[in-house]
Every structure is written in structure tokens, then in C-alpha cells.
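Engineer: To convert, take the position in the sequence shown, counting from 1, and add 320; that gives our numbering. Ideal Cβ placement from N, Cα and C applies to all residues, glycine included. Here's a structure for you.
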Amino acid sequence: MNHNQLTFPSAFLGVGYNSCIDIIPGLAPFRLVDFFYTHSISSPVFDLVSKAFSRAKESHRVLVNSFYDLEKSIVDALRKEGILIEPIGPLISLSGDESSTHMLREKDKLTVTSMSLYASEEDCLDWLNKQEAGSVIYVSFGSMVKIGKDEIQELIKGLEGSEQPYLLVVRPDMHFMECRETSSRGRVCCWAPQVRVLGHPAVSGFLTHCGWNSIIESICMGVPMIGCPQESEQHTNFKFMRDEWRVAIGLDNWQCLCDEPLASRTKIEGKAVQRAVMNLMRGEDGIQLRERMRNLQQSALSHVRARSTVLQALLAGMQDDHLP
């Protein structure tokens with residue numbers, strides 16, 4: 321491994337996507353498919369990522385939206401390599417009387433530091449107000465990932481089959497508004513105020529593409545997840561969600577679908593979605609996931625409350641280093 325590249329001999333790659341990689345400091349053994357990778361160093365994506373990360377050692381500090389307890393071994397390994405990484409997250413802010421905030425699920429005690437790319441349909445919160453506590457599965461693939469029409473239909477088929485109330489986000493650029501006509505059990509919107517949705521008492525599950533912001537928000541809200549990674553680093557994120565933190569399950573029909581030589585993606589099939597939702601919302605796995613998520617949430621919130629102290633120490637350290 322050199323200059324942010326990990327090159328495999330062709331014979332190793334021939335073993336397949338389940339090939340195990342166990343030589344990266346700070347990481348438990350990974351399968352090749354769990355990484356963001358390319359088949360060629362001439363790939364534009366490889367060039368983009370390589371240039372971005374090659375500056376890490378040159379930087380005085382690398383600030384990340386994470387918290388130490390979540391990625392302790394990785395932070396320690398990077399620091400040992402001379403990369404001064406500083407977890408300053410979770411980048412969610414508490415307001416009001418923090419001591420009275422029960423599991424951070426009261427929307428009037430919450431603000432978010434990030435801005436949405438789309439206008440939210442706030443009336444989805446009115447719909448949530450009419451649902452039973454802990455009954456709703458929230459489904460969103462973030463602001464970038466695109467899901468095809470056939471897979472959206474499979475997704476809805478699985479959600480309907482689970483007989484669980486659901487709130488599904490289908491962005492306008494997916495050009496599939498027919499799915500807004502669902503049974504009375506489901507609600508479909510173009511965009512939702514995600515943190516407020518995850519913090520709503522009716523929501524107790526999140527089917528996600530495993531984007532980092534979504535993961536952090538779900539942890540802070542204490543909502544266990546179903547991982548459905550599609551591209552880039554999402555498979556790596558899901559590996560941690562499922563195997564390291566153990567606060568997520570996946571679809572049991574996982575397949576390696578290499579549409580482009582960048583990474584695999586998870587195929588969406590109705591039956592697999594149905595089984596996963598039923599398992600998370602009503603199964604034994606869901607009970608265990610919620611218990612672990614509660615513990616992880618408490619750790620996350622302790623870091624949220626300590627963030628001002630962390631930032632003050634960071635600024636003091638930078639001044640000691642005579643940085644501008």
C-alpha cells in the first residue's frame with residue numbers, strides 16, 4: 321500500500337469480490353466488495369478521490385463529521401500515520417433544555433447544521449402524527465442516488481407486503497410520481513425533513529442507502545437501520561453499520577451488480593425488502609438492534625454536548641501551532 325493505493329495482483333482479484341483484505345491499519349478484515357474501488361488508476365473517479373486524500377498528510381488538521389467512540393481504531397491508526405484527524409461530530413445541535421430531552425426525539429429541541437438540497441414536504445409530519453408510536457419505517461436514498469422505476473416498484477411491493485406503515489421519499493428527479501398512489505398504509509413524498517422524521521415517535525426503522533449523513537442522523541435519533549448501499553463508500557459504511565456497530569441489517573438477497581467498474585450495488589427486490597422490514601420492525605433482530613442503537617445514541621449525544629469544548633481545544637491547539 322503506497323500513496324493511498326492498494327494494488328492487487330490479478331490472481332487475487334480472480335478469487336472474486338468476497339476476497340478478504342486484512343492488511344489495512346485500524347480496520348478489521350474486509351471483503352473487496354466492501355471497499356470503494358476502481359479497476360484502473362486511470363479512472364476519473366480514482367483521480368478525484370486520490371487527489372483529495374493525498375492532501376491529508378499535508379493538512380494541519382482533518383475535520384470529520386464523526387465522533388471518537390464510533391471510529392476509535394480508525395482515528396488512532398490515521399493519527400499514527402501522521403494524519404491529524406479530528407472528529408468534531410455529530411454535527412447536530414441541541415437547543416433548549418438538554419437535560420429534559422428524552423432520547424432527542426422532541427422536534428422542538430432540535431436544530432440541524434446542514435441545509436437540504438430540496439424543499440421538504442412538511443405535511444408528512446402531520447401524517448406521522450396520526451400513526452402509532454414505533455410503527456413506521458422511513459425509506460430514503462438521499463439526495464444523489466437514483467433508483468430505477470422497476471426497483472421503486474419492487475420497493476413499494478415489499479413495503480406493502482410487510483404490512484407496516486411507511487414513509488417513502490422519491491425525489492422529483494427520479495421521474496416516477498405514479499408511486500404516490502399507494503395504499504392508505506403508506507405515504508410517499510418528494511422530500512422530507514429527515515432529522516425531524518427520524519426523531520418522530522412514530523418512526524422506529526430506517527431503510528437507507530447508507531450515506532454518511534443519514535447514518536449519523538439515524539444514530540443521533542436512535543433509529544436502527546436496513547442498509548441498501550448503492551455506490552461509492554456506501555458499502556464500506558454498511559459494513560460498519562452491520563458488523564462493527566451492529567445497528568443495522570441488510571437485504572438477504574445481496575448481489576454484486578457491477579454496472580460500472582466502480583463498485584457493487586444492492587439489488588432491490590420486493591420479497592427481500594418485505595423480509596427485512598418485518599425482521600427489523602417485528603422480529604427478534606429488531607429488538608437487539610434497538611438496544612445496541614440506544615447505547616450508541618447515548619455516546620453520540622454525549623459528544624454533541626461536549627462539542628464546544630472539543631472545538632475550543634482544537635482552536636487552542638491550532639494557535640499553539642501558530643496557524644492562521
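Does the segment 348 to 364 come within contact of the segment 506 to 515, defined as at least 3 CB pairs closer than 8 Å?
Structural biologist: Touching, no.
Engineer: Which of the three DSSP states, helix, strand or coil, is assigned to residue 612?
Structural biologist: Three-state result, residue 612: helix.
Engineer: Determine contact between the segment 482 to 495 and the segment 542 to 550, defined as no fewer than three beta-carbon pairs at a distance below 8 Å.
Structural biologist: Taking 8 Å as the limit for Cβ pairs, the verdict is that the segment 542 to 550 does not touch the segment 482 to 495.
Engineer: Please confirm if residue 489 has its CB atom under 8 Å from at least one CB of chain C.
Structural biologist: Looking at the structure shown, chain C is missing, and only one protein chain is on hand.
Engineer: To the nearest angstrom, how far is it from the Cα of residue 466 to the Cα of residue 494?
Structural biologist: The straight-line gap from Cα to Cα measures roughly 6 Å.
Engineer: Where does the unbroken beta strand (DSSP E) through residue 383 begin, and where does it stop?
Structural biologist: Segment 382 to 384, the beta strand (DSSP E) holding residue 383.
Engineer: Alpha carbon to alpha carbon, what distance is there between residue 609 and residue 587?
Structural biologist: Spanning the two alpha carbons is a distance of roughly 23 Å.
Engineer: Could you compute how far the alpha carbon of residue 474 sits from the alpha carbon of residue 590?
Structural biologist: Each residue's Cα considered, the two are about 4 Å apart.
Engineer: Does the segment 630 to 644 come within contact of the segment 596 to 613, defined as at least 3 CB pairs closer than 8 Å?
Structural biologist: They do not touch, by the three-pair rule.
Engineer: Can you tell me whether DSSP reads residue 487 as helix, strand or coil?
Structural biologist: Three-state result, residue 487: strand.
Engineer: Would residue 407 pass as a contact of residue 384 if the rule is Cβ separation under 8 Å?
Structural biologist: Yes, these two residues count as a Cβ contact at 8 Å.
Engineer: With a Cβ-Cβ cutoff of 8 Å, do residue 394 and residue 624 count as a contact?
Structural biologist: Their beta carbons are not under 8 Å apart, which means residue 394 does not touch residue 624 by this criterion.
Engineer: Is DSSP giving residue 601 helix, strand or coil here?
Structural biologist: Reduced to three states, the DSSP call for residue 601 is helix.
Engineer: Identify, in the order they occur along the chain, each residue of the same chain with its Cβ nearer than 8 Å to the Cβ of residue 638, setting aside the five sequence neighbours on each side.
Structural biologist: The residues are 380, 381.
Engineer: Look at the alpha carbon of residue 392 and the alpha carbon of residue 446, and state the distance between them as a whole number of angstroms.
Structural biologist: For residue 392 and residue 446, the distance between alpha carbons rounds to 39 Å.
Engineer: With C-beta atoms as the reference, is residue 527 less than 8 Å away from residue 459?
Structural biologist: Yes. Within cutoff.
Engineer: Using C-beta distances below 7 Å, list every residue in its chain close to residue 536, excluding the 5 sequence neighbours before and after it, in chain order.
Structural biologist: 385, 409, 410, listed in sequence order.
Engineer: In the DSSP assignment, find the beta strand (DSSP E) that holds residue 627 and state where it starts and stops.
Structural biologist: Looking at the DSSP string, residue 627 is not in any beta strand (DSSP E); the run it does join, the alpha helix (DSSP H), is 627 to 640.
Engineer: If residue 518 sits next to residue 597, beta carbons under 8 Å apart, how far is it from one beta carbon to the other, in whole angstroms?
Structural biologist: About 16 Å separates the two Cβ atoms, so there is no contact after all.
Engineer: Check the DSSP bridge columns for residue 405 and list the partner residues they point to.
Structural biologist: Beta-bridge pairing links residue 405 to 382.
Engineer: Beta-carbon within less than 7 Å of residue 616's beta-carbon, same chain only, minus the 5 sequence neighbours each way: which residues are those?
Structural biologist: Result list for residue 616: 539, 565, 567, in chain order.
Engineer: Give the DSSP bridge partners of residue 526, in chain order.
Structural biologist: Note: residue 526 sits in a beta bridge opposite 458, 545.
Engineer: By how many angstroms is the C-alpha of residue 389 removed from the C-alpha of residue 619?
Structural biologist: Spanning the two alpha carbons is a distance of roughly 7 Å.
Engineer: So, with DSSP's three-state summary, where would you put residue 646?
Structural biologist: Look at the range of the chain in this structure, 321 to 644, and you will see that residue 646 is not part of it.
Engineer: Skipping 5 residues on each side, what residues in its chain have a beta carbon closer than 7 Å to that of residue 403?
Structural biologist: These residues qualify, in order along the chain: 376, 377, 382.
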